[in-house]
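S.K.:
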Amino acid sequence: MVTVLCRADTNIAEACRKAREHCASVAPRSQSGQETSPYCAVSNYLFPQGRIIAGHVEAIKYLEDNSIELGLKKVRRLPVSGAFHTPLMEPAVEVFREALKRAKLGEPQIAVHSNVNGKRYRDSRHVIKQLPNQIVAPVKWEQTMHIMYERSKEDEPKFPNTYECGPGNSLATMLKMVNAKAWQSCKSVMVQFTLQSTCPLYSV
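Read left to right, the sequence shown gives residues -13 to 190 (this note's numbering).
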């Protein structure tokens, strides 16, 4: 997986297609003699011109090696061990679905949005049905921000207060790129996190 910053005229779909074609040209055949199907596509829509791309290692390396020709201003490899939010994670879906069925979920007390389509979950049953799809579907973060901060004419120019809790302010930074007006009402709340503070029985 890599985070990429694009130019306004960058064609991400075309870049991923070229990466897949390259992968197919160098990929070894399986034991059955059949060619494997390479995968490379957007797995996270962060903000305009900001994406995470995931797929087979050879395809990701192609993006890194040919970033200038593909119109990618920046390509940064993520320290992860899988192609999350892509069909390559399909083997984990059923395992997660069965585990989710055994979990006890209460009804949402506040608006909870799905990363799959950006829309609000209707109830706990909807969560159980929809959440497994998040494993193999791209994260629609940018689209979710648009839905959350959509305002009617009566609401303008008021935006709700937004708080980012935890170390850093990466979410606030992305919000600024998606909706600058909503970002003006955003605050980062720094939280000191230690394992001992969250788990008193643990000591070092």
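For every residue, glycine included, the Cβ atom is placed at its ideal position computed from N, Cα and C.
Can you list, in chain order, the stretches of the beta strand (DSSP E) that have 3 or more residues and sit fully within the segment 29 to 100?
M.R.: 36 to 41, 58 to 63
S.K.: Using CA atoms only, rank isn't needed, just tell me which of MET160, MET163, CYS151 is closest to SER174.
M.R.: As a first step, residue 174 must be located in the sequence shown, where it is residue number 188. Of the listed residues, the one whose Cα sits closest to SER174 is CYS151.
S.K.: Would you mind reading off the limits of the beta strand (DSSP E) that contains THR(-4)?
M.R.: The sequence position of residue -4 within the sequence shown is 10, counting from 1. Counting along the chain, THR(-4) sits inside no beta strand (DSSP E), nor does DSSP assign it H or E at all.
S.K.: In the structure shown, what three-state DSSP assignment does LEU181 receive?
M.R.: Locating residue 181 in the sequence shown gives position 195, where the first residue counts as 1. Caution applies to LEU181, whose pLDDT of 48 falls short of 50 and renders its modelled position unreliable; the value that the coordinates give is listed next. Three-state result, LEU181: helix.
S.K.: Just the Cα atoms here: how many angstroms apart are TYR48 and ASP109?
M.R.: As a working mapping, residue 48 is identified with position 62 in the sequence shown. As a working mapping, residue 109 is identified with position 123 in the sequence shown. Whole-angstrom Cα-Cα distance: 42 angstroms.
S.K.: Give the straight-line distance between the Cα atoms of TRP127 and ASN103, rounded to the nearest whole angstrom.
M.R.: Your numbering for residue 127 matches position 141 in the sequence shown. Your numbering for residue 103 matches position 117 in the sequence shown. C-alpha separation (whole angstroms): 9 angstroms.
S.K.: Measuring CB atoms only, is the segment 144 to 162 touching the segment 114 to 125, in the sense that at least three cross pairs come out at less than 8 angstroms?
M.R.: no
S.K.: Can you name the start and end residues of the beta strand (DSSP E) that GLU140 belongs to?
M.R.: One-based indexing of the sequence shown puts residue 140 at position 154. Premise fails: GLU140 is in no beta strand (DSSP E) and is neither H nor E.
S.K.: May I ask you to verify whether the segment 33 to 46 touches the segment -7 to 2, counting CB pairs closer than 8 angstroms and requiring at least 3?
M.R.: yes
S.K.: Using CA coordinates, which residue listed in LEU58, VAL79, LYS144 is at the minimum distance from LYS115?
M.R.: For the purposes of this step, residue 115 is taken as the residue at position 129 of the sequence shown. Closest by C-alpha distance to LYS115, out of LEU58, VAL79, LYS144, is VAL79.
S.K.: Across which residues does DSSP place ARG106 in a beta bridge pair?
M.R.: Here residue 106 is taken as the residue at index 120 of the sequence shown, counted from 1. Bridge partners of ARG106: HIS99.
S.K.: GLN17: buried (16+ other C-beta within 10 angstroms of its C-beta) or exposed?
M.R.: Against the sequence shown, residue 17 aligns to sequence position 31. The predicted position of GLN17 is uncertain, since its pLDDT is 47 and thus under 50; a value taken from the coordinates is nonetheless stated next. By the neighbour-count definition (other C-beta atoms within 10 Å, threshold 16), GLN17 is an exposed residue.
S.K.: Leaving out the 5 sequence neighbours to the left and right, which residues in its chain are closer than 6 angstroms to LYS162 when beta-carbon positions are compared?
M.R.: The sequence position of residue 162 within the sequence shown is 176, counting from 1. Within the same chain, LYS162 has close Cβ partners TRP169.
S.K.: So, helix, strand or coil for ALA13, using DSSP?
M.R.: Numbered from its first residue, the sequence shown carries residue 13 at position 27. Reduced to three states, the DSSP call for ALA13 is coil.
S.K.: Under DSSP, the beta strand (DSSP E) around LEU(-9) begins and ends at which residues?
M.R.: Within the sequence shown, the letter at position 5 stands for residue -9. First-last of the beta strand (DSSP E) with LEU(-9): -12 to -8.
S.K.: With 16 other CB atoms within 10 Å as the buried threshold, where does TYR149 fall?
M.R.: Here residue 149 refers to the residue found at position 163 of the sequence shown. Looking at its Cβ environment, which holds fewer than 16 other Cβ atoms inside 10 Å, TYR149 is exposed.
S.K.: Which residues share a DSSP beta bridge with TYR149?
M.R.: On the sequence shown, residue 149 is found 163 positions in, with the first residue counted as 1. Answer by DSSP bridge pairing, in chain order: LYS173.
S.K.: Do the segment 22 to 33 and the segment 86 to 96 touch if we need at least three Cβ pairs shorter than 8 angstroms?
M.R.: no
S.K.: Along the alpha helix (DSSP H) that carries VAL164, what are the first and last residues, could you check?
M.R.: Here residue 164 refers to the residue found at position 178 of the sequence shown. Note, VAL164: alpha helix (DSSP H), 156 to 164.
S.K.: Can you check whether the CB of VAL66 is closer than 7 angstroms to the CB of VAL(-10)?
M.R.: Along the sequence shown, read from residue 1 onward, the residue named residue -10 stands at position 4. Along the sequence shown, read from residue 1 onward, the residue named residue 66 stands at position 80. With respect to VAL66, VAL(-10) sits apart: the two C-beta atoms are not nearer than 7 angstroms.
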